[in-house]
Amino acid sequence: MDRPVVGEGIDRVDARVKVSGRATYPTDADLPGLAHAVLVQSTVAAGRLTAVDTTAATAAPGVLAVLTHENAPPLREARDRLGPLPPPPLQSDRIVHHGENVAVVVAETFEQATEAARLVTARYAPSPPVVDIDDPGAEHVRDPFGSDGGTGDVGAALATAPVRVERTYRTAVNTNHPMGPFATVASWEGDKLTVHDSTQGPSNTRIGLAGTLGVPQDDVRVLAPYIGGGFGSGLRTWPHTVLATVAARHVGRPVKLVLTRKQMFTSVGHRPDTRQTVRIGATRDGRITAIDHEAWQTVSIRDVNPEHVTRASLSGYASPNISARDVQVRVNVPSPGSMRAPGDAQGNFALESALDELAYELDLDPLELRLRNYADRHPVTGQQWSSNDLRACYRTGAERFGWSRRDPRPRSMRRGRHLVGYGMAGTSFFFAQFACAARVTVTRDGGAVVASAGMDLGTGTYTVMTQLAAELLGLPVRRVRMVMGDSSLPEAPVAGGSGLTGSMGSAIHAAARNTVRAFLDLVRDDAGSPLRGAAVDDVRVEHGRIVRVDDGRGESYAEILTRHRQDELTAEGSAEAPSEDEPVVPTGPYAAKFAEVHVDADLGVIRVARLVTAAHCGRVLNEKTARGQLVGGTVGGIGMALLEHTVTEPRTGRIANGTFGDYLIAVNADIPDLEVHFVGGPDPTTPNGTKGCGELGIPGTAAAIANAVFHATGTRVRRLPITIEQVL
Amino acid sequence: MTMRSFTYVRADSVDQAVTEVTADPEAAYLAGGTTQVDLMKDEVFRPLRLVDITRLPLREVRADDDTLTVGALTTMEELAAHEVVTDRLPLVRQALLLGASPQLRHMATMGGNLLQRTRCRYFRDPDVACNKREPGAGCGAIDGFHRMHAVLGTSPHCIATHASDVAVPLLALGASVRIRGQGAERVVPLTEFYRVPGGTPHVENVLEHGELITHLEIPLPPRGTRSGYLKVRDRASYEFALVSVAAALLIDDGTIRAAHLALGGVGTVPWRVPRAEELLRGAAPGPDAFAAAAEAALGGAQARRDNGFKIELGRRAVVRMLSTLAEEP
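Protein sequence lines, in the order shown, are assigned to chains A and B. Per the numbering used here, the very first residue in the first sequence carries number 4; after that it's consecutive. Per the numbering used here, the very first residue in the second sequence carries number 830; after that it's consecutive.
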């Protein structure tokens, strides 16, 4: 117990319930009278429904109801904490994307519902869909997030820059695809709605559902103690979740709705494709004088989805002139959503590729170029960083990778029939901390239960919060139990933006401190207590005891509760998002990525041979789970770079490769040894020193690989994914 | 997904199986089921009666001096592990082990492998047009997304790629299938077994309804033959070929005495190239001969919007395969 519990790579506290099948996922909710819902989705991408014939489906065995836009209840356009929800389902005859919900069939069994769903005949008056980001007929929304910004005069600086690059880059649609198909089990008791859902934010989904259904938030409870992964697809409140609640109310029974894998392509978001133009001006000695980044991304016709692609260009490098602008292009595709490092994943690829191109223009080492343009303060606002060890990331990463062995000339390094390429990229990610509350209950047996509505989508939140609470309460890890994933617990933000560790950790920090304070209040006038009269700053916690700092005297939680005949003592705590407007700006994590690729000189087959990441994540709460996040993110980044591509047919708006056989996700054989090194110190913004590392593995990975492919082959590929035909 | 109802019969003998299926136009055989069950779930294939043949005595591998006889129910893993395959047929072993996944290879049978249906997404999605699934319905792939599709043996009605890996080396080696129907047994070389789509993409081979492949007969190349299978794909594993090449060369005294060459991933059927084999026979192994063979191998290839790269990739893969074999010690 004298070893620090925080930081240690302990095994997951939920590992045993998971591997023994006792963890309850949304599909496991089995309620008395459970009925089953199956979706019918549109087979055109634009137009109007002229008829939905439900006669045969309604008459099919076991069918309880068939809901279409003609008989579905009115729903409201609502917002949750992330912004507007996707348009509510079954509200009109208008179709805006292929795979849009046109009916939901409810039956006694899943098989009956599936069979009846086949019997629903939807007829359409289709119109030609607009699906291409370059379609001149598409509506453009400029500065959709109010995030465009910059400093100086980019135009003038570019005009006079001795060296300039201007390039256009493209990234493909990617689809999140957690292993667990998304599912909702909804049940009503009178006006009270309980929802088991594949959500990354029970509190947030409660807000979204209450708003859509027009019911008080207090009447809605959302549960997600475990989900089968999310990668961001569980952040928004999706139409199928709404439909499960509507169906349950309609049939007066609990209803389960599980998406098929095919429906996962059209129902729970995706990373939108982008077209980005980056212009960089520099002096001959490699000082950047201007960064201009404009990014177009697609969004569904009636949707708003915050995806700030150019964000890192506003803060990544020291440049006196910066302009970064986002444009959304409305097309007939399903609603997008966050996919691990939304915006940053695409934006980083363009910026870091362009920097590599600049380095070649300058005949300067790409690493040296980045070091020369390190931003020692925020280049637009002038604020100081709360912490920024990016240079240490570069140094450590380069050293571990062996960057100095790189011959900078393209096609200069070979191994047998393979061209060998080294490429690197820098990554600066945003800081996120949202308002969060937590509750600590210390029981007479000397253990603690810590509760917060936030959830663990598989990242290790249960584990790191247990470790943190154990440290803050002076208890062994095994005496602390985290209760999470339930909107009836103290409100918490979504597990997104790499922000939950900072948010919930800060709330638990406050709650733990309030707990100690509550114990001291209890013994304030207790003549039998060595702690009598002590204030919270006079004590520390260790070995299940509260101890005076000055003389080391103290007593245990259990002793205090026993003497005062109390079973338990509870305290809550909360933390707000920090201000962004102070002279010191809360600063997110950083990383440097170094990739080695081998490209078959004749066949163009590209394989990543190794990838080294050096990351500054602030204080690492659990070395093992943090490493898992970086490694997992890097795997996703390799997929984004070389494999993942959700193909939408221009003519039909149909997703042409909507299966796991056709949408390629990296398999083990694609993944080499991935090295991760943590560097740098804690960040002072949060009391626990964390920065968040959940998404840091993604941005930078594709650029490092693309830069390595250029180094290997001499071919600059500006379009993801990089496939054989682009380097043949 | 769920499946439609069907009846299930387990056959105790080859004769019974053949009789059961022949008598019922809605019946089909069930062996490993690794493709078939997927197609049933996706509503692409809707048999009303499945005749399970997995208990029939067709799971055996026998070798004599010049032929390997493989029972049609032998699994991919079993064949890959067979000592004669390891020893004499590297191209077959490599093709087997580069296909599917270990789990699938332990279920999938050799007969079923030769009959596996295309991975074309338009074939496998009942919501879109496919001439192979529904004759006369049209082809969604020709104007759709067809990066994986065939450049050889196509027709205006179908460009779906044949998906089998192991059929490629078997075809190259001149293997045959032994077929049982209600009448007499017949033996058909693979070169005559598959049918290019033409105007009837739903007809993929010469089997009549009810006919059953009972055995594969693989001629063993002379000792000293070098052979291999090269599979080029986007993903490093668990992925179909963009292009694959099976080749066997017998090189003696600086001359190619015998050559076998077939391509996968590029044709609507596994694609053997007799012209390329002719060019190789009698030639000195080297870049010139290999380039000529590669040119011939892709002769007549027709590119469409997304899949043109397969032609050059195919040529390069042929050269790579042949030069790899020639360089073997």
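Heads up, the beta-carbon is just placed ideally off N, CA and C, and yes, glycines get one too. Remember, predicted model here, so these are calculated numbers, not experimental data.
Residues sharing a beta bridge with residue i, DSSP
i                       : result
residue 1182 of chain B : In the structure as shown, chain B begins at 830 and stops at 1158. Residue 1182 of chain B is therefore absent and cannot be evaluated.
residue 462 of chain A  : Bridge partners of residue 462 of chain A: none, in fact.
residue 427 of chain A  : A:597
residue 1034 of chain B : B:1023
residue 701 of chain A  : None, per the DSSP bridge assignment.
residue 1044 of chain B : B:900 and B:1007
residue 838 of chain B  : B:880
residue 25 of chain A   : Answer is none; residue 25 of chain A lacks a bridge partner.
residue 297 of chain A  : A:280 and A:328
residue 417 of chain A  : A:422
residue 1018 of chain B : B:1005
residue 143 of chain A  : A:332
residue 39 of chain A   : A:110 and A:259
residue 938 of chain B  : B:904
residue 1080 of chain B : B:1085
residue 1195 of chain B : One cannot answer for residue 1195 of chain B here, as it falls past the ends of chain B, which runs 830 to 1158.
8 Å Cβ cutoff, residue i in contact with chain A
i                       : result
residue 1146 of chain B : yes
residue 963 of chain B  : no
residue 1142 of chain B : yes
residue 849 of chain B  : no
residue 993 of chain B  : no
residue 1067 of chain B : yes
residue 950 of chain B  : yes
residue 881 of chain B  : no
residue 1071 of chain B : yes
residue 1063 of chain B : yes
residue 836 of chain B  : no
residue 928 of chain B  : no
Residue i at chain B interface by Cβ criterion, 8 Å
i                      : result
residue 399 of chain A : no
residue 98 of chain A  : no
residue 670 of chain A : yes
residue 141 of chain A : no
residue 664 of chain A : yes
residue 708 of chain A : no
residue 335 of chain A : no
residue 727 of chain A : yes
residue 608 of chain A : yes
residue 46 of chain A  : yes
residue 4 of chain A   : Since pLDDT at residue 4 of chain A reaches only 42, below the 50 mark, its modelled position is unreliable, and no value is offered.
residue 652 of chain A : yes
Whole-angstrom C-beta distance between residue j and residue i, which should lie under 8 Å
i                      : j                       : result
residue 636 of chain A : residue 700 of chain A  : 2 Å
residue 451 of chain A : residue 445 of chain A  : 5 Å
residue 997 of chain B : residue 1139 of chain B : Not really, about 15 Å apart at Cβ, beyond 8 Å.
residue 351 of chain A : residue 428 of chain A  : 7 Å
residue 293 of chain A : residue 161 of chain A  : 5 Å
residue 711 of chain A : residue 599 of chain A  : 6 Å
residue 400 of chain A : residue 595 of chain A  : 4 Å
Practice problem: Identify every run of the alpha helix (DSSP H) within the segment 1083 to 1158 of chain B, keeping only runs that are complete inside it and at least 4 residues long; order them along the chain. | Solution: Runs found: 1103 to 1109, 1116 to 1126 and 1138 to 1156.
Quiz item: Any contact of the segment 102 to 118 of chain A with the segment 58 to 73 of chain A, i.e. 3+ C-beta pairs under 8 Å?
Solution: Judged by Cβ distances under 8 Å, the segment 102 to 118 of chain A makes contact with the segment 58 to 73 of chain A, as three or more pairs qualify.
Self-check item: Segments assigned alpha helix (DSSP H), at least 4 residues, entirely inside the segment 636 to 718 of chain A
Solution: Listed in chain order, they are 704 to 716.
Quiz item: Along the chain, which unbroken stretches of the alpha helix (DSSP H) at least 4 residues long are found entirely within the segment 187 to 260 of chain A?
Solution: Secondary structure remark: continuous alpha helix (DSSP H) runs of at least 4 residues inside the segment 187 to 260 of chain A, in chain order: 205 to 216 and 242 to 254.
Practice problem: May I have a chain-ordered list of the alpha helix (DSSP H) segments no shorter than 4 residues that lie completely inside the segment 57 to 136 of chain A? | Solution: The segment 57 to 136 of chain A contains, as complete alpha helix (DSSP H) runs of 4+ residues, the segments 58 to 62 and 113 to 122 (chain order).
Self-check item: Entirely enclosed alpha helix (DSSP H) segments - the segment 332 to 401 of chain A, minimum 4 residues
Solution: List check, alpha helix (DSSP H) in window: 347 to 365 and 369 to 375.
Exercise. Would you mind listing the alpha helix (DSSP H) stretches within the segment 482 to 559 of chain A that are 4+ residues and don't spill past its ends, in chain order?
Key: With a minimum length of 4 residues, the continuous alpha helix (DSSP H) runs that stay inside the segment 482 to 559 of chain A are 503 to 525.
Practice problem: Ignoring anything shorter than 4 residues or poking outside the segment 150 to 190 of chain A, list the alpha helix (DSSP H) runs there in chain order. | Solution: Contiguous alpha helix (DSSP H) elements confined to the segment 150 to 190 of chain A occur at 157 to 163, taking only those with 4 or more residues.
Practice problem: Could you say if the segment 1069 to 1077 of chain B and the segment 999 to 1011 of chain B meet the contact criterion of at least three C-beta pairs nearer than 8 Å? | Solution: Using a Cβ-Cβ distance cut-off of 8 Å, the segment 1069 to 1077 of chain B and the segment 999 to 1011 of chain B are in contact, since at least three pairs of beta carbons, one from each stretch, lie closer than that value.
Quiz item: How do the segment 157 to 172 of chain A and the segment 285 to 305 of chain A stand: do at least 3 beta-carbon pairs fall below 8 Å, yes or no?
Solution: Yes, the segment 157 to 172 of chain A touches the segment 285 to 305 of chain A.
Quiz item: Any contact of the segment 184 to 201 of chain A with the segment 251 to 263 of chain A, i.e. 3+ C-beta pairs under 8 Å?
Solution: The segment 184 to 201 of chain A is in contact with the segment 251 to 263 of chain A.
Quiz item: Between the segment 663 to 671 of chain A and the segment 1064 to 1072 of chain B, do three or more beta carbon pairs fall short of 8 Å?
Solution: At 8 Å Cβ cutoff, the stretches touch.
Quiz prompt | Segment contact, 8 Å Cβ cut-off, at least three pairs: the segment 387 to 405 of chain A with the segment 297 to 306 of chain A | solution = In short, these stretches do not touch, since the Cβ pair count stays below three.
Practice problem: Could you tell me which uninterrupted alpha helix (DSSP H) segments, each at least 4 residues in length, are contained entirely in the segment 942 to 1003 of chain B, listed from first to last along the chain? | Solution: Complete alpha helix (DSSP H) runs here, min 4: 969 to 972 and 996 to 1002.
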